[in-house]
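Peer 1:
Numbering (the UniProt record's numbering), first residue to last: 1 to 673.
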């Protein structure tokens with residue numbers, strides 16, 4: 001049987017209630033007349049309360065009888081201690097770690113006294129990213145002990161002698177191996193094993209060797225490396241490439257562990273499934289490679305007979321004797337994205353991104369599931385992902401969940417959904433999301449008593465949906481996509497009525513991803529960006545979304561890639577990531593206006609058409625453009641929405657919905673053109 005220590009994994013939050021967070025159900029801005037000029041307006045903004053509140057996590061590690069769990073996308077970042085015998089959260093520590101922080105890396109020293117914590121952030125403020133928590137005195141906060149210059153720490157390991165090794169990365173720079181010496185407190189860079197790698201997510205150590213795993217993640221394609229694996233001699237400081245030949249075409253090394261005289265290796269798959277390798281530490285040329293059915297192999301654990309790992313296809317076991325894979329069968333719920341697997345006393349301890357810990361009896365196939373919020377984990381507001389509004393609800397995507405706010409009652413429900421809803425549309429009362437990572441399109445119908453589920457899958461290498469648009473002429477959902485590992489991108493189309501889908505790969509070119517998509521009269525307009533520093537960007541392509549055939553393209557001659565697109569009247573508006581506005585006349589297919597609007601928008605942005613004007617939102621400002629002069633005007637200054645991967649905005653019932661800080665707001669803006 002399965003035991004749940006809480007009534008449901010679906011969280012119900014009444015406004016301002018469950019976590020003691022204030023919810024203002026009134027206007028922040030009283031109705032006011034805009035300043036004199038061609039676009040004066042009356043604007044009212046109503047605060048609807050925190051957008052998505054939960055305890056979100058990104059790592060889990062068993063030390064003794066306590067599972068330590070690192071937070072994700074919460075301010076401040078922190079780690080909690082979940083005590084297995086009592087099934088209660090018994091300790092916690094907070095980290096002053098910068099904006100939108102997450103704890104992906106945890107490692108314990110051989111004595112079990114110290115927990116090392118590595119942090120990643122969305123923006124670097126130059127502070128520490130490596131911390132240590134004394135588990136013998138958990139009431140004492142973790143202390144900052146150093147900084148790696150790669151900004152983000154994605155994995156940590158502790159060698160048998162207590163030396164700590166860290167890997168990670170920073171955009172635009174090949175990742176290094178970093179070493180922390182507890183005796184001296186020094187953090188030392190041990191060089192860049194693979195200058196063509198974009199990110200390192202795996203490290204493991206033995207007495208003599210450190211194993212470094214990297215590849216092409218978050219800026220793949222072009223000349224970026226595929227899966228790379230190096231052995232670093234701790235005495236000579238020499239690197240030796242050791243990646244098994246069968247893994248060389250996989251995009252990245254994802255996981256490493258030293259287990260009983262073997263190096264266990266997991267990859268992230270691309271066109272082909274991910275793979276598991278078991279290598280003999282005494283002779284690394286002697287190994288076994290087994291293909292899996294999933295796109296990733298991570299979070300390794302072992303008992304005497306098996307090696308366990310997690311993937312998007314669930315929990316699996318590798319038999320050490322017969323060298324075959326089999327699923328771990330148990331009677332529990334969907335585990336979603338798994339961030340921790342450990343083995344103790346015949347049980348697997350699994351940390352799920354849905355916010356629970358599952359204890360699985362491998363022999364009996366039974367499980368006990370404990371909701372971490374019910375166990376004492378403190379929830380907090382998250383930086384948001386995509387936003388959509390319709391049929392009386394506003395939805396906000398986050399990590400492992402989508403919040404649904406009832407606009408009539410204020411009731412908020414957190415719906416479990418794997419990964420991240422990067423953008424979304426409400427079509428006929430049903431929510432459709434572009435779901436990262438490599439999750440395709442998901443749907444949720446509030447009239448049915450069931451959680452969101454996958455509506456359409458797509459090739460896993462086209463993994464990062466960025467923008468969605470509903471095409472009413474062709475009755476198609478359009479999704480612009482980026483391929484993190486291969487470069488370029490795709491346009492997905494999906495028909496909610498028939499379920500038909502299509503994927504048009506690299507519709508702009510083989511390096512430009514599809515950052516933005518809009519449509520008019522059955523034609524889709526795509527805006528290009530480029531994850532690398534060199535190469536074309538800001539190309540606009542018009543195509544037929546039914547056939548995928550290109551109609552025309554335009555080099556907008558912008559210095560930066562497209563951040564957002566919108567259509568109003570005969571004009572296509574485009575914003576670039578460096579704050580330039582360009583306007584294309586769709587009849588002449590020429591750029592008829594450009595302007596520097598970096599004072600209100602720089603970086604990622606989003607735009608919608610509303611009340612005859614184009615509105616935009618950036619990380620700092622809500623603004624609109626005059627439909628004739630294209631002059632920009634601030635609607636809400638200092639909106640400063642807490643967005644995880646770029647701002648979003650949506651329209652429903654005559655109101656604009658976006659974030660102000662961590663709170664959802666409804667903006668009623670009435671321009672007098």
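A virtual CB, placed ideally from N, CA and C, is assigned to each residue, including glycine.
Quantities reported herein were computed from a predicted structural model and do not represent experimental measurements.
If you run the structure through DSSP and keep just helix, strand and coil, what is residue 33?
Peer 2: Translated into the one-based positions of the chain shown, residue 33 becomes position 33. Below a pLDDT of 50, predicted positions are generally treated as unreliable, and residue 33, at 33, falls in that range; no measurement from the model is reported.
Peer 1: Just how far apart, CA to CA, sit residue 505 and residue 352?
Peer 2: The residue you call residue 505 lines up with position 505 of the chain shown. The residue you call residue 352 lines up with position 352 of the chain shown. Distance between the alpha carbons of residue 505 and residue 352: 32 Å.
Peer 1: Please confirm whether residue 340 and residue 296 have their CB atoms less than 8 Å apart.
Peer 2: Mapped onto the chain shown, residue 340 falls at position 340. Mapped onto the chain shown, residue 296 falls at position 296. The answer is no: Cβ separation not under 8 Å.
Peer 1: Quick test of the definition: if touching needs 3 or more C-beta pairs under 8 Å, does the stretch 660-673 touch the stretch 632-639?
Peer 2: Yes: the two stretches touch, three or more of their Cβ pairs being nearer than 8 Å.
Peer 1: Can residue 292 and residue 274 be called in contact, C-beta distance under 8 Å?
Peer 2: By one-based count along the chain shown, residue 292 stands at place 292. By one-based count along the chain shown, residue 274 stands at place 274. Yes, they are a contact pair.
Peer 1: Taking all protein chains shown into account, do 16 or more other C-beta atoms lie within 10 angstroms of the C-beta of residue 672, making it buried, or fewer, making it exposed?
Peer 2: One-based indexing of the chain shown puts residue 672 at position 672. Per the 10 Å Cβ criterion, exposed.
Peer 1: Please classify residue 384: does DSSP put it in a helix, a strand, or coil?
Peer 2: On the chain shown, position 384 is the one that residue 384 refers to. Three-state result, residue 384: strand.
Peer 1: Return the residue from the list 570, 591 and 558 that minimises the CA-CA distance to residue 577.
Peer 2: Numbered from its first residue, the chain shown carries residue 577 at position 577. Here the closest residue by C-alpha is 558.
Peer 1: Measuring straight from C-alpha to C-alpha, what distance separates residue 454 and residue 496?
Peer 2: Within the chain shown, the letter at position 454 stands for residue 454. Within the chain shown, the letter at position 496 stands for residue 496. Each residue's Cα considered, the two are about 12 Å apart.
Peer 1: Extract the residue ranges of the beta strand (DSSP E) inside the stretch 188-239, only unbroken runs of 3 or more that lie entirely within it.
Peer 2: Segments of the beta strand (DSSP E) lying fully in the stretch 188-239: 199-205, 209-215 and 228-233.
Peer 1: Can you tell me whether DSSP reads residue 425 as helix, strand or coil?
Peer 2: Counting from 1 along the chain shown, the entry for residue 425 is found at position 425. Three-state DSSP puts residue 425 in a strand.
Peer 1: Could you give the first and the last residue of the continuous beta strand (DSSP E) run that contains residue 375?
Peer 2: Position 375 of the chain shown, counted from the start, is the residue given in the question as residue 375. No beta strand (DSSP E) contains residue 375, which is instead part of the alpha helix (DSSP H) from 372-375.
Peer 1: Quick check: residue 384 and residue 178, are their CB atoms within less than 8 Å of each other?
Peer 2: Taking the first residue of the chain shown as position 1, residue 384 is located at position 384. Taking the first residue of the chain shown as position 1, residue 178 is located at position 178. Taking 8 Å as the Cβ cut-off, residue 384 and residue 178 do not qualify as a contacting pair.
Peer 1: Roughly how many angstroms separate the alpha carbons of residue 197 and residue 264, rounded to a whole number?
Peer 2: Against the chain shown, residue 197 aligns to sequence position 197. Against the chain shown, residue 264 aligns to sequence position 264. Cα-Cα distance, rounded: 21 Å.
Peer 1: What residue from 418, 664 and 117 has the CA that sits closest to residue 412's CA?
Peer 2: Taking the first residue of the chain shown as 1, we reach residue 412 at position 412. Nearest C-alpha to residue 412: 664.
Peer 1: Taking the continuous beta strand (DSSP E) assigned at residue 129, which residues delimit it?
Peer 2: Taking the chain shown and counting its residues from 1, one reaches residue 129 at position 129. That residue, residue 129, is in no beta strand (DSSP E); it is neither H nor E in DSSP.
Peer 1: Ignoring anything shorter than 3 residues or poking outside the stretch 599-662, list the beta strand (DSSP E) runs there in chain order.
Peer 2: If we require 3 residues or more, the beta strand (DSSP E) runs fully inside the stretch 599-662 come out as 606-610, 613-617, 622-625, 632-636, 650-652 and 655-660.
Peer 1: Can you give the Cα-Cα distance for residue 596 and residue 560, rounded to whole angstroms?
Peer 2: As a first step, residue 596 is located in the chain shown; it is residue number 596 there, counting from the start. As a first step, residue 560 is located in the chain shown; it is residue number 560 there, counting from the start. So the two alpha carbons sit approximately 12 Å from each other.
Peer 1: Give me, in chain order, the residues of the same chain whose beta-carbon lies closer than 8 Å to that of residue 551; leave out the 5 immediate sequence neighbours on both sides.
Peer 2: Within the chain shown, numbered from 1, the residue matching residue 551 stands at position 551. Same-chain partners within the cutoff: 523, 542, 543 and 544.
Peer 1: For residue 193, which option in 184, 600 and 168 has the closest C-alpha, if you only look at C-alpha atoms?
Peer 2: Indexing the chain shown from 1 puts residue 193 at position 193. Cα-wise, what sits closest to residue 193 is 168.
Peer 1: Can you tell me the Cα-Cα spacing of residue 405 and residue 649, whole angstroms?
Peer 2: Your numbering for residue 405 matches position 405 in the chain shown. Your numbering for residue 649 matches position 649 in the chain shown. So the two alpha carbons sit approximately 16 Å from each other.
Peer 1: Rounded to a whole number of angstroms, what is the C-alpha to C-alpha distance between residue 97 and residue 440?
Peer 2: By one-based count along the chain shown, residue 97 stands at place 97. By one-based count along the chain shown, residue 440 stands at place 440. Taking the straight line from one Cα to the other gives about 32 Å.
Peer 1: Would you mind sorting residue 418 into buried or exposed? The rule is 16 or more other CB atoms within 10 Å of its CB.
Peer 2: Counting from one through the chain shown, the residue named residue 418 turns up at place 418. With 16 or more other Cβ atoms within 10 Å, it is buried.
Peer 1: Which full runs of the beta strand (DSSP E) of 3+ residues lie inside the stretch 323-366, going along the chain?
Peer 2: The stretch 323-366 contains these whole beta strand (DSSP E) runs: 325-327, 338-344, 347-352 and 356-361.
Peer 1: Return the residue from the list 579, 512 and 569 that minimises the CA-CA distance to residue 555.
Peer 2: In the chain shown, counting from the first residue as 1, residue 555 sits at position 555. With distances taken between Cα atoms, residue 555 lies closest to 512.
Peer 1: With burial defined as no fewer than 16 other Cβ atoms inside 10 Å of the residue's Cβ, what is the status of residue 347: buried or exposed?
Peer 2: Position 347 of the chain shown, counting from 1, holds the residue named residue 347. When all chains shown are included, residue 347 counts as buried.
Peer 1: Can you give the Cα-Cα distance for residue 220 and residue 230, rounded to whole angstroms?
Peer 2: One-based indexing of the chain shown puts residue 220 at position 220. One-based indexing of the chain shown puts residue 230 at position 230. If I take the Cα positions, the gap works out to 19 Å.
Peer 1: Who are the near neighbours of residue 180 in its chain, counting only those whose CB is closer than 6 Å to its CB and skipping five residues on each side?
Peer 2: As a position in the chain shown, residue 180 is number 180, starting the count at 1. Counting only Cβ-Cβ distances below 6 Å, and skipping sequence neighbours, we find 146, 164 and 187.
Peer 1: Of the choices 267, 278 and 344, whose alpha-carbon is the least far from that of residue 303?
Peer 2: The residue given as residue 303 occupies position 303 in the chain shown. Here the closest residue by C-alpha is 344.
Peer 1: Run through DSSP, which three-state label would residue 246 get?
Peer 2: To locate residue 246, count along the chain shown from 1; it is residue 246. Residue state, collapsed to three classes: helix.
Peer 1: Please classify residue 595: does DSSP put it in a helix, a strand, or coil?
Peer 2: Residue mapping note: residue 595 aligns to position 595 of the chain shown, counting from 1. If DSSP states are grouped into helix, strand and coil, residue 595 belongs with the strands.
Peer 1: Between which two residues does the beta strand (DSSP E) harbouring residue 285 extend?
Peer 2: Position 285 of the chain shown holds residue 285. Note, residue 285: beta strand (DSSP E), 283-291.
Peer 1: Taking the alpha carbon of residue 612 as the point to measure from, which residue in 601, 566 and 509 has its own alpha carbon closest?
Peer 2: Here the question's residue 612 lines up with position 612 in the chain shown. Out of 601, 566 and 509, 566 has the C-alpha closest to the C-alpha of residue 612.
Peer 1: Is it right to say residue 450 is buried, meaning 16 or more other beta carbons lie within 10 angstroms of its own, or is it exposed?
Peer 2: Walking along the chain shown from the start, residue 450 turns up at place 450. Result: exposed.
Peer 1: Taking only runs that begin and end inside the UniProt domain "Pyrrolo-quinoline quinone repeat" (519-602), name each unbroken beta strand (DSSP E) of 3 or more residues, in chain order.
Peer 2: Within the UniProt domain "Pyrrolo-quinoline quinone repeat" (519-602), the complete beta strand (DSSP E) runs of at least 3 residues are 523-529, 539-543, 550-555, 562-568, 571-576, 580-585 and 590-596.
Peer 1: What number of angstroms, rounded off, separates the C-alpha of residue 150 from the C-alpha of residue 623?
Peer 2: What you label residue 150 is simply residue 150 of the chain shown in a count that begins at 1. What you label residue 623 is simply residue 623 of the chain shown in a count that begins at 1. Near 35 Å, if we compare the C-alpha coordinates of residue 623 and residue 150.
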